[in-house]
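Residue numbers (the working numbering): 23 to 126.
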Amino acid sequence: MKSSFADLESVLDYRFERGETLTAALTHRSAGSCNNERLEFLGDAVLGFVIAEVLYRRFPDAAEGDLSRLRATLVREESLAELARGLRLGEYLTLGGGERKSGG
23 MKSSFADLES
33 VLDYRFERGE
43 TLTAALTHRS
53 AGSCNNERLE
63 FLGDAVLGFV
73 IAEVLYRRFP
83 DAAEGDLSRL
93 RATLVREESL
103 AELARGLRLG
113 EYLTLGGGER
123 KSGG
C-alpha cells in the first residue's frame with residue numbers, strides 16, 4: 023500500500039511547497055512520460071554541491087583528494103540506496119508495471 027505524501031513530509035520533517043514536483047520526483051520513468059529523470063539530474067548536481075560544501079567546511083585542513091574521495095563515497099548509489107531504505111522511500115514511489123513485478 024502506497025503511503026501518503028503527508029506521511030513522507032512527516033518522516034523527512036520537511037514541507038514541500040509544490041506537490042507536483044514531489045509527485046514527479048517520486049515517479050519512476052517506467053510509470054510514464056511525467057517522471058523523475060530531469061529532477062534526478064538536477065538533484066545529483068545539488069547533492070554533490072551540498073556534500074562538497076559541508077565537507078569543505080567540516081574538514082578545513084583536508085587535502086582535495088581526500089575530500090573528493092569522501093564526497094564520492096557519500097554520493098555513490100549504494101550509500102544513497104541505504105539511506106533511502108532507512109527512510110522507507112520505496113513506499114512513496116510510483117513504478118510502472120514491469121518495475122513493480124521485478125520488485126523495483
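Virtual Cβ for every residue (Gly too), placed ideally from N, Cα, C.
One alpha carbon belongs to Leu96, the other to Ala46, and they sit about 24 Å apart.
Going by DSSP, Ala106 is part of the alpha helix (DSSP H) stretching over 99–109.
By the criterion of a C-beta distance shorter than 8 Å, Asn58 is surrounded in its chain by Ala46, Ala47, Leu48, Thr49, His50, Arg51, once the five residues flanking it on both sides are discounted.
DSSP links Thr45 through a beta bridge to no other residue.
Here Tyr78 is exposed. Its C-beta has fewer than 16 other C-beta atoms within 10 Å. One Cα belongs to Leu64, the other to Ile73, and the distance between them is close to 14 Å. Between the beta-carbon of Ala53 and that of Gly118 there is about 5 Å, and that keeps the pair under the 8 Å contact cut.
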